[in-house]
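Going by this note's numbering, the sequence shown opens with residue 282, and the numbers climb by one from there. Some notes on the structure that comes next.
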Amino acid sequence: MAKQIKMILIDLSGTLHIDNSAIPGAVEALNSSLAAARKLIISRKLNPMLFIDPAANEDFDDLIRNDDKKDAVVIGLAPDKFNYEKLTKAFRLLLDGASLIAIHKGRYYKRSDGLALGPGAFIAGLEYSADIKAEIIGKPAAEFFKAALEDIPPEEAIMIGDDVKDDVAGAQAIGIRGLLVQTGKYRDGDENTITPPPTKVCSSFVQAVEFILKKEI
């Protein structure tokens, strides 16, 4: 008998929305990676240089000390901030001993005009140039999924996402069932690129929910 489902983890971009347009039938969700980043900054008393979406800035404004030297570089999805001068400033901070923290290391994401580079490309560039390794606090890090589970056993949880590696493979690596949706960054044949394959491949978030409600996973 299949284990009872007690938790469902949902990716946002590409699963629930593309750019500012919601995928039909989808609902809003919270971005736990940003919450994890804030918690980490507070616990370590860091003063970070932030590469995050402007919409999330207000969640971090109270943590920035403008009169002190930055001791961390925190990177999420912030397309407008990935320019040469800002990346060079981040590179110099890393050379001076600042830590590199990745909210997530996505390779690419889906915009309304097609696929676009994700933060992973810029994180990898800084890692290479500064000869350091980023600390990943979001997907696909195992600790991210474990923290999200809290006290729920992984076999009683499901991950729904459009990224076969970061969402599905990352979750399945610790025993969470992974549902791959064919929206957002999904590309034909993605389900054949990981072992084990996704628990289920769904045309959309709506179909994924239908599978769950009908207990077909």
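All C-beta atoms in this analysis are idealised placements derived from N, C-alpha and C, irrespective of residue type, glycine included.
Tell me residue i's beta-bridge partners as DSSP assigns them.
i: ILE289; result: ILE439
i: TYR365; result: TYR365 is not bridged to any residue.
i: GLY459; result: MET440
i: ARG392; result: GLY395
i: LYS446; result: Answer by DSSP bridge pairing: none, since LYS446 is not bridged.
i: VAL482; result: LEU461
i: ILE418; result: Partner(s): none; ILE418 has no beta bridge.
With a CB to CB cut of under 7 Å and the five nearest residues on each side skipped, what residues in its chain are close to residue i?
i: ILE413; result: LEU375 and LEU381
i: PRO329; result: ILE322, LYS351, ALA353, VAL354 and VAL355
i: SER410; result: PHE372
i: GLN285; result: GLU437
i: ALA428; result: ALA317
i: LEU396; result: TYR389 and LYS466
Between which two residues does the beta strand (DSSP E) containing residue i stretch?
i: SER380; result: 380 to 383
i: ILE356; result: 353 to 356
i: PHE332; result: 329 to 332
Closer than 6 Å by C-beta to residue i: which residues in its own chain qualify, once you throw out the five before and the five after it? Chain order, please.
i: GLU472; result: LEU461, PRO478, PRO479 and VAL482
i: ILE333; result: GLY357 and ALA359
i: MET282; result: Confidence at MET282 is low in this model, with a pLDDT of 40, below 50, so its placement is unreliable and the value that follows should be read with caution. For MET282, where only same-chain residues beyond five positions count, there are no Cβ hits under 6 Å.
i: ILE385; result: Position check: residue 385 holds His in this sequence, whereas Ile was assumed. Cβ neighbours of HIS385 beyond the five flanking positions: SER314, GLY419 and LYS420.
i: GLY399; result: GLY387, ARG388, TYR389 and TYR390
i: GLN499; result: Residue 499 is absent from the model: the chain starts at 282 and stops at 498.
i: LYS496; result: none
i: ARG346; result: ASN328
i: PHE363; result: PHE403
i: ILE521; result: Coverage of the chain is limited to positions 282 through 498, which leaves residue 521 absent and any answer about it impossible.
Counting only the same chain and skipping the five closest in sequence on each side, list residues whose C-beta sits under 8 Å from that of residue i.
i: GLN488; result: VAL462
i: PRO305; result: Per-residue confidence for PRO305 stands at a pLDDT of 45, beneath the threshold of 50, marking its modelled position as unreliable; no derived number is given.
i: ALA321; result: In the sequence as presented, Ala is not what sits at residue 321; that position holds Leu. Correct list, in chain order: LEU327, ILE382 and ILE418.
i: GLY378; result: ASP352
i: ALA415; result: ILE356, LEU381, ILE382, ALA383, LYS386, ILE404, LEU407 and GLU408
i: PHE492; result: LEU460, LYS481, CYS483 and ILE498
i: LEU368; result: PHE403, GLY406 and LEU407
Which whole-angstrom value is the C-beta distance of residue i and residue j, which I expect to be below 8 Å?
i: ASP447; j: GLY459; result: Actually they do not touch by this definition, with Cβ atoms about 11 Å apart.
i: ALA371; j: VAL354; result: 5 Å
i: ILE289; j: ILE439; result: 5 Å
i: PHE426; j: ILE457; result: 6 Å
i: GLY465; j: ASP443; result: 4 Å
i: ASP340; j: ARG319; result: 6 Å
Would you kindly report the start and end of the unbroken alpha helix (DSSP H) that includes residue i?
i: LYS427; result: 423 to 430
i: ALA405; result: 400 to 411
Check: Given 8 Å as the limit, is there contact between the region 425 to 433 and the region 399 to 409, that is, 3 or more CB pairs closer than that?
Finding: no
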